[in-house]
Structures are given as structure tokens and as C-alpha cells.
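Contents: one structure, followed by commentary.
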Amino acid sequence: MKLEQGSISTKDLMIGIICFIQATVLRSGYIVGITRQDSWAMAVTGFLFSLPLVFIYAALLKKHPGKNLIEIDDIIFGPVLGKIISVLYLFFFASLAALNARDLGNFVADYMMPETPITVIILIFMIGCVYTLCKGIENLMHLSAILAILSIGAIVINFILVLRDIQPWFLKPLFQLEPMRYVQGTVSVVTVPMGEILAFTMLMPLLEKDTKIVKPMVLGLLFSAVTIGIVILRDIVTLGPLAEIVSLPSFESVRYVSISGILTRMESVYAVVLVILFLFKVSILLYAFALGLTEILSRNPRHSADSEGQSCKAGYFKSQKSHPPLLFICAALIYFYSLFVFESVMENVNWGATTAPFFALTFEFLLPVVSLLVAFLRGNGRAKEVQS
Amino acid sequence: MHFIIKLIRLFKEQHARKIKRDYEMCFGEESPQILSGKLKKNIDSIKARFEGSSDLIIREFSFSEKKGREVNAVLIFLDGMVNMPIINDNIIKPLMHDKSIIQAGKISGAVNIEDIRDKFLTVGDVKTVYTYNEVIEACLSGNAVFMADGSCKALDIGAKGWDKRAVTEPTSETALRGPREGFTESLRTNTTMIRRKIKDPALKITDTVIGKRTHTQISILYIEGIADPELVREVEQRLKNIDTDSILATGYVEQYIEDSSFTVFSTIWSSEKPDAVAGKLLEGRVAIAVDGAPFVMTVPMLFIENFQNAEDYIIRSHFATAMRLLRLTAFFISLFAPALYIALTTYHQELIPTTLLFTMAASSEGVPFPAAVEMSLMMIIFEILREAGIRMPRPVGQTISIVGALVMGEAAVNAGIVGAPVVIVVAITAVSSFAIPFAADGVSLLGWFLLIMASTMGSFGITVGAFMILMHLTSLRSFGAYYMAPLAPFQRYDLKDTAVRVPLRAMNTRPQATKPQDLKRESAQPPQPSNASKYNRSRK
Numbered sequence: 001m002k003l004e005q006g007s008i009s010t011k012d013l014m015i016g017i018i019c020f021i022q023a024t025v026l027r028s029g030y031i032v033g034i035t036r037q038d039s040w041a042m043a044v045t046g047f048l049f050s051l052p053l054v055f056i057y058a059a060l061l062k063k064h065p066g067k068n069l070i071e072i073d074d075i076i077f078g079p080v081l082g083k084i085i086s087v088l089y090l091f092f093f094a095s096l097a098a099l100n101a102r103d104l105g106n107f108v109a110d111y112m113m114p115e116t117p118i119t120v121i122i123l124i125f126m127i128g129c130v131y132t133l134c135k136g137i138e139n140l141m142h143l144s145a146i147l148a149i150l151s152i153g154a155i156v157i158n159f160i161l162v163l164r165d166i167q168p169w170f171l172k173p174l175f176q177l178e179p180m181r182y183v184q185g186t187v188s189v190v191t192v193p194m195g196e197i198l199a200f201t202m203l204m205p206l207l208e209k210d211t212k213i214v215k216p217m218v219l220g221l222l223f224s225a226v227t228i229g230i231v232i233l234r235d236i237v238t239l240g241p242l243a244e245i246v247s248l249p250s251f252e253s254v255r256y257v258s259i260s261g262i263l264t265r266m267e268s269v270y271a272v273v274l275v276i277l278f279l280f281k282v283s284i285l286l287y288a289f290a291l292g293l294t295e296i297l298s299r300n301p302r303h304s305a306d307s308e309g310q311s312c313k314a315g316y317f318k319s320q321k322s323h324p325p326l327l328f329i330c331a332a333l334i335y336f337y338s339l340f341v342f343e344s345v346m347e348n349v350n351w352g353a354t355t356a357p358f359f360a361l362t363f364e365f366l367l368p369v370v371s372l373l374v375a376f377l378r379g380n381g382r383a384k385e386v387q388s
Numbered sequence: 001m002h003f004i005i006k007l008i009r010l011f012k013e014q015h016a017r018k019i020k021r022d023y024e025m026c027f028g029e030e031s032p033q034i035l036s037g038k039l040k041k042n043i044d045s046i047k048a049r050f051e052g053s054s055d056l057i058i059r060e061f062s063f064s065e066k067k068g069r070e071v072n073a074v075l076i077f078l079d080g081m082v083n084m085p086i087i088n089d090n091i092i093k094p095l096m097h098d099k100s101i102i103q104a105g106k107i108s109g110a111v112n113i114e115d116i117r118d119k120f121l122t123v124g125d126v127k128t129v130y131t132y133n134e135v136i137e138a139c140l141s142g143n144a145v146f147m148a149d150g151s152c153k154a155l156d157i158g159a160k161g162w163d164k165r166a167v168t169e170p171t172s173e174t175a176l177r178g179p180r181e182g183f184t185e186s187l188r189t190n191t192t193m194i195r196r197k198i199k200d201p202a203l204k205i206t207d208t209v210i211g212k213r214t215h216t217q218i219s220i221l222y223i224e225g226i227a228d229p230e231l232v233r234e235v236e237q238r239l240k241n242i243d244t245d246s247i248l249a250t251g252y253v254e255q256y257i258e259d260s261s262f263t264v265f266s267t268i269w270s271s272e273k274p275d276a277v278a279g280k281l282l283e284g285r286v287a288i289a290v291d292g293a294p295f296v297m298t299v300p301m302l303f304i305e306n307f308q309n310a311e312d313y314i315i316r317s318h319f320a321t322a323m324r325l326l327r328l329t330a331f332f333i334s335l336f337a338p339a340l341y342i343a344l345t346t347y348h349q350e351l352i353p354t355t356l357l358f359t360m361a362a363s364s365e366g367v368p369f370p371a372a373v374e375m376s377l378m379m380i381i382f383e384i385l386r387e388a389g390i391r392m393p394r395p396v397g398q399t400i401s402i403v404g405a406l407v408m409g410e411a412a413v414n415a416g417i418v419g420a421p422v423v424i425v426v427a428i429t430a431v432s433s434f435a436i437p438f439a440a441d442g443v444s445l446l447g448w449f450l451l452i453m454a455s456t457m458g459s460f461g462i463t464v465g466a467f468m469i470l471m472h473l474t475s476l477r478s479f480g481a482y483y484m485a486p487l488a489p490f491q492r493y494d495l496k497d498t499a500v501r502v503p504l505r506a507m508n509t510r511p512q513a514t515k516p517q518d519l520k521r522e523s524a525q526p527p528q529p530s531n532a533s534k535y536n537r538s539r540k
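Chains as they are written, first to last, in full-length UniProt numbering: chain D, 1 to 388; chain U, 1 to 540.
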């Protein structure tokens, strides 16, 4: 495994997080289904409640600079229990990757290529992801700036183009739903797009300055929250009550665009952006899964960060590529997993609304908190030992 | 008497050993055969090395070192590679003819070849050499070699003079308002042209020789204080690592030193125009000139350089920006047009405006092939036409273009073998690729990849394919620089010379991608004109 230290800047990390979350933002239907016309507010509350998650991740990573999540588990829980916890994380990453691949497969099969079997679509998609990772995760992170410009540009242009069709009174009545729905909506926003940045903890050893992670993560989340808010707002004021019915409100609202009969069918732009963002997201999840699996299975884990840093300096002019060795096997696993992860789209929607938040919270909140507590307690114990 | 002869012999042997030691100290390797003191032996060995070469000229003559004492000497050179007037007037004439000067010279004892160099030869570039290899190398590079009996040294006299092409306007890059001169096949002419643009002693030109058979001279040019020393070392190292017997053009060197061979995009930039190369040098790049090739390469190369042109910096920035955007558009058209056409007609007919759809359907009615086959057929025919047009002699080339464009295109549509829209798309693709000559080859190959993706998976295939191409481009490196810089990784300050070209006054820093030592182009504080001057620029 050829890993290099310090080729991803904090700026790239921030933009990477934006892109990562954008992929889900464009599929905001599940939030609108819960909180209806007030969904835009969920972006604000979702952002506020995802801050604790970021601080937990940051605290964990700060305690163990230069390590990724799986290595941190080993340090905190010891070799046996640590491996078990790591396997749980890996299951989460694999599930997320499979779910997202399936989501994209469904989208393409429904809207772009109705006669093509979904297996082929996901296969091509996974080939794209594997090729991406073969070219190096750092390069993918470098690319995130272009993708962010692309996706945010698409959102802004679409927003301007639908201005003609908006009806602001669709936002009324404000905050009239039962409070439980707002809680549910907030938890949805926190867990599904925001908390998934847990996958970025696997990239931390590649950061230029691995101590400065709070700022880029928070800024990335803030920016993503703003775009979530804008996109949902656009969908609601364009579609009104229809937004709760359709499965892809963003897609439907963009269909409204018609500038003097010339500039129509803007949803094809939306589809292209969505496919690219999903490629980005699943690539990161696949990387997290493959790297974690490699580390669990390898007998001698990666050496300390210092030796890696030196090897990087020696290869100053070499092309920077690093991909985990089990990439192809992991990609195949995720491919087959994605084929049977859901029987139907309805099952997917139902799961997303009811089970997904709790499923995700286990890995995004519970396990990191427990890890942090254990690390804290063990750290205290060790300090006492030293004193006595 | 016998003792004296022995002493002389001992002295000579010691002298030979000293020369050998000096040589080893200088070159750090086992000394090759050094020249002997006997002229006859030297001539015989050189003749043996050049056995079968009719162009070797060995001009034997003698001159009087002292009154009454004739010294045999020889001048060796290759016919056609030397400047004959120099040989005749500046070497042979002073030695043979100007006896008065010779007699006035205070030469005594053994022939002192350094004295001849210092007092008689009226040539600028003269070096003393010691070995057969040096003598042969000197002859092969167009110099004349002077040897005299009794001396185990030789003189390498610079008398290069072969027929070379004059400096003409470059054919591959034409200029409207820029300088019109182009590089030639002569290395020294090329470096001189660059030297004349950058009159600064910091412009360094270092030479190496590569190729066991061709002994091609290669120059590395860079500006000290701007170019990253690490980069210069890397270029030198990569050139040193080349192990081949022949270098015939820049492309040979390019393929040996480029970072990645498995890419359709070139990661080393080359140009026929000295002004363009000078511009690159001033941006902190390193240039590599190869003897015998009218192109000079510069590294590192960024992707955006495919769309830059030396003329961009000469014309006004608005127009330059418009041209840049146009070239980028041409790039996207030539890459995506055939694939998009296939995707639209095969999978996403609903995206085509209805009236256009009817027209297209009508024109491709009766065409026996699916759209992808039609497109492939026309693209292959176009590629053949292009190749034939380039390779055939010029008068025939025109015939080919007429036959190709008029007869085949028109006739194929009329005969109903291909639809007219396909011909139009292929034509647009071709014309667009001509607007970006540097990237055109790569684009035409990638077009096929996207065509396959489009014909199997429609617009989804194109999107995944485009992402893969983007990822491939981002993963490329050129001598330590990110190929997609300043876009990936994002460099805000370098964006001023990408899709837009800002006015020169705003372009006050060099691109950071090349890691220049001196980032500023302009002095930190430009001299302020006095307020009294009525010629002040209006500042808002």
C-alpha cells in the first residue's frame, strides 16, 4: 500500500465535504416528505445539531493525529474489541455505499435509461468508482473544487431560471405541524447527508495539516446547509404541495424551466450533475470501506506517520496515487450488496423515513461517543499510572 | 648518449602518465586511449576507426618550426561538416604560408602544440584534446583536428559549417501579430534565438549528449532565480537516465522523460516559436532543445497550455479571453459531439426539439445502419482522409480533400448510406479539433471511448466516461506539477491565465504550478509617475 502524507489541503477537505453532501441535497425528497413546506428550516436545525458530531469526530482525530478511524479503534479498544467495532463501522460504510449506488441506479433507471436493467447501470457506475480510486483518492479530492463549482453553478442557474414560476405563498402556513415531525426532519438531515461525513475520518492521514479539521468540516457543513436550504426552498416555492408527492422534487422543479421555448429540459443538466456527485460520494465511501477492510485484515498495520512522510518526500516528482489493495474485491462486494439491498423503491423510501436515522445514528453518534468516552477514561487511567 | 636517450624516454613516459592522471581526475573514469607522440600512429588509428567513410579528409602537411627543421602535421575533418574558408585561411595558411611569423616564434625543443594554438591559429574556438575519442568526437561534430608530430596532444578547432535551413516562419504555428521566426534544425541557432529574447546572464544553457549512436546534443535552458532548482535537477536526472542508441527528434526525448506514457494527453509542451518558449521560461519552466529538431520542449506542462497561444499575450485581453473560451468550446465539441449525437438519437429522443427530431428522422429514413455504426463509419472515413491529406504530396493532398469532402460526403448522403446529420456532426467535430491543434490527437482517440460509452449507456455512459476522463486528467503529473492546476487542486491566483486572460498589468505573478523561486513578475512598487505629467494614465 502506497499512502502519502499531506497531499490534501484543508481547503480540499472542505470542498470535498460540500460535494459529498451535495449528492444527497439534490435528492431532498425524503425531508420534504416529513416536514412539508417547513423543510427549509430543517437545514438550519440540521446544521446546528450536526455540529456535536463534528466536534466528536474532531476530538477523536485530534487525540490520534495521523490515524484513521479504524486505527483509532484499535488504539482505544485494543486489538480484539477494536476489530469488532471496526467491522461495525465497515458494515456502515459498505451499507452507505451500496445504498447510494442503488439510489443512483434507481434514478438512472427511472429517468434516464428506462429500458436498461439496473444491474448494468450499477456495474458501469461501480467501474467508474473503481477507476476513480485507482487514480488516487487525493486526486479525487483535488477534483472536488471543479465538482463543487459545477454543482453549485447548476443550483444557482436552476434557481434563477425557475424564478418565473415561484409562488412564495406555498411556504404558508409556517410551522404549523406537530413538533415531532420537526424532530424527525432534523434527525433525518443530521444523519443522512451530514453525519455521513464520518467517512472522511478515513482520509485524515492524507491531510496536509491533520490537526486543523474542525474549521474545514464546520465550514463545509455550513455551506452544505445553505445549499440544502436553498434547494428545498426552491422546490417548495416552485412545486408547492406537489413537492411532497414526487420522489425527486429537485428534478421536477427544474422541469418547470422554459425560457421562451429554447432553454428547456434543464433536468438533463441536473441528471448529469447528480450522476457525477454520486460518483464522487460512492468513491469516497468505497475508499473508506476498502481501506478499513485492508487494515483489519492486514497483519502488520501501516507504519507510523513519520516514515510515510519521508517516503513522500523521496517521491517528490512521482505521480501521487494510492488505492487500497482490496479495492476490486470491495467494489464487487458493494456491487452485489447494492443489487439486493432493497426489493423496491417503496421499501427504500419507507426505510429511509423510519429506520435509517436510527441505523445511521448508531454509527455516526453512538460508537464515536463511546470511543471518545473510553479514550477519555483510559487516558485518565494512564495519567494516574504515570503519577503513581 | 645512450643514457640521454633513456632519460628522454623516461621523461616522455612520465609525461604520458601525468596526462593520463589528469584525464582521470577530470573525467573520473578509466582513461581511454590517449594520443601517442608519433603522428603516423595517430593517423593510422583514426583511419582505422573511420574505415569505410569516404568523407574523412586527412590533410597532411608540414611547416617549419625552426629554420631548416620541418615538422609534419595533419588536419583531420569530415567533408561537408566544416567551413572550408576557416580551414584554408585561418588554419593552414598561417602555419604553412606565413613563414616569417613562424620564424619569429620562439619555439624550441619538442613541438609545443599550445604555442601553435596561442600564436598562430586565428580561430575563436580552440581546445586541446588528449584522447582518440575526443578527436573522433570533434571530427563528428564538425570540428577540425590538428595534430603535429612529436606531440601527444591535439587541437580541436571549431570550424563547424554545414548547410542548414534558414530561419523561416514556422509552419505549425502561424502568427498574426507576433514574431514570425521559427526554430530550425540547428541547436545553436535555436538557443541563440532564445538568448536574443532573454538578454540575461541568468539564462543558463547546459548541454548533454544522448544516444550511443547518434550522439545527439541536447540543451537544457532555464532562468536561474526563477526556475525551481529541484525541477532543473529532475530534468537533468531524467535526461541522464535515457538509455538509447538514437535520438532523432524531440518526440524521442519526450517519450523517455514524460511522467506517464499511458495517456493520450501530452505532458510535455513543445513549440516552434522562440517567443513562446521564452515566455514559458519566464514563467519558471525549463526548456529542452534537441539538435536536429525544429521544436523546443518545455516542462512542466499544464492542461490549460493546450489552449494557450503565444498570440494570446500580444492581442488585447478581451479578445484573448474570447479566443480561449472559443478553444475550450471547440475542445468540448470535438470531444463530446459524436457521443452526444448518438446518445440523443438512440436513447433520449425526447430531449431533441420536436421539429428537429422530425427533420432528423426524415433525413435518416432509409439508412440501413444504427446511428452508432453510421457515426463510426463516418469518423473512420474522416480519420483516413485526414491522414491521407497529411501524408500525400501536397498537390495530391488537395485532390484527396476534394474527393473526400465533396464526393464521398455528398454521395454517401445521397445514396442513403449515412444520414446528413451524421455528416454534419462529424464535420463540426473535425473543424473543432483543428482549433486546438495541440490536444487534437488525444481528443480524437477519447472521442471513440465516449462514443462506445454513449452507444451502450446513453447520456449516463457519457457522464461516467467524462468523469473518468476528468479523473484521469487530474491524476496526471508533469514534472511535479499537477496537470489540471490551477483547477484541481484549486489555485485562485493562477486562474488569471486560464479560461480568461487578464490584462498584462494584472498578470503580475508567475503561475504557482511551476513553483517559481521568484513569484513576482513586476517589481513590488512600480515607479510612480509624477503628478505633474499630463501624460498620466487616468486612474479611477
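The beta-carbon is built from N, C-alpha and C at its ideal position, and this holds for glycine as well.
Please state whether DSSP places residue i in a helix, a strand or coil.
i	result
D/I213	coil
D/G309	Residue confidence is low: D/G309 scores 39 on pLDDT, short of 50, so the model does not pin down where it sits. Its coordinate-derived value is still stated next. In this structure, D/G309 counts as helix in the three-state DSSP scheme.
U/T216	strand
U/L155	strand
U/S417	Looking at the sequence shown, residue 417 of chain U is not Ser but Ile. In the structure shown, U/I417 sits in coil (DSSP, three-state: anything other than H, G, I, E or B).
U/G109	Any reading at U/G109 is ruled out, since the residue's pLDDT is 47, under 50, leaving its predicted position unreliable.
U/K12	helix
U/Y482	strand
U/D228	coil
U/F146	strand
U/V286	strand
Does residue i come within less than 7 Å of chain U when only Cβ atoms are used?
i	result
D/V275	yes
D/A119	Note that residue 119 of chain D is Thr in the sequence shown here, rather than Ala. It does not; no Cβ of chain U falls within 7 Å.
D/V272	yes
D/T132	yes
D/V189	no
D/L13	no
State buried or exposed for residue i, treating a residue as buried only when at least 16 other CB atoms are found within 10 Å of its CB.
i	result
D/L26	buried
U/H318	exposed
U/M379	buried
U/R285	buried
U/M453	buried
U/P421	buried
U/D518	exposed
U/H472	buried
U/G225	exposed
May I have the straight-line CA-CA distance separating residue i from residue j, to the nearest angstrom?
i	j	result
D/L53	D/L372	12 Å
U/R188	U/D259	28 Å
U/L221	U/V209	15 Å
D/L203	D/F280	14 Å
residue 541 of chain U	U/N190	This structure gives no information on residue 541 of chain U, because the portion of chain U shown stretches from 1 to 540.
U/G80	U/W269	34 Å
U/S261	U/Q255	7 Å
Could one say the Cβ of residue i lies closer than 7 Å to chain D's Cβ atoms, at least one of them?
i	result
U/S266	no
U/G458	yes
U/F183	no
U/V286	no
Residue i and residue j look like a contact to me (Cβ under 8 Å); what is the Cβ gap, rounded to whole Å?
i	j	result
U/I462	U/A339	5 Å
D/S28	D/I232	5 Å
D/I31	D/M14	Not confirmed; about 23 Å, so no contact.
U/A506	U/K496	6 Å
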